[in-house]
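Residue numbers (my numbering): 86 to 175.
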């Protein structure tokens with residue numbers, strides 16, 4: 086249904102969906118809004134990238150997984166989207 090479609094789209098990097106009925110709004114908003122855990126992890130990654138970049142590293146191990154620039158890009162997008170949705174983006 087709509088929820089599964091939205092979750093799949095969010096996992097692919099999409100940030101929203103057009104709705105045609107008011108009953109769809111909450112489903113879409115829930116699917117595309119980053120969870121607190123996602124935002125917290127993204128912020129942690131941003132700090133770790135800054136620390137590792139200072140050492141000349143743009144790839145490192147994080148929770149047993151190698152992370153690199155695409156992970157940095159995604160972390161930035163998650164934090165930015167969270168700030169936009171919460172009204173804290175300046």
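All C-beta atoms, glycine included, are put in the ideal place defined by N, C-alpha and C.
Model, not experiment: these values are computed from the prediction.
Taking C-beta separations shorter than 7 Å and ignoring five residues to either side along the sequence, the partners of residue 151 in its chain run 144, following chain order. The three-state secondary structure of residue 150, taken from DSSP, is strand. Our two residues, residue 154 and residue 111, have alpha carbons roughly 32 Å apart in a direct line. Distances from the alpha-carbon of residue 117 to those of 158, 128, 88 put 88 closest.
Rounded to whole angstroms, the gap between the alpha carbons of residue 126 and residue 141 is 22 Å. As computed with DSSP, residue 145 is found in a beta bridge with 152.
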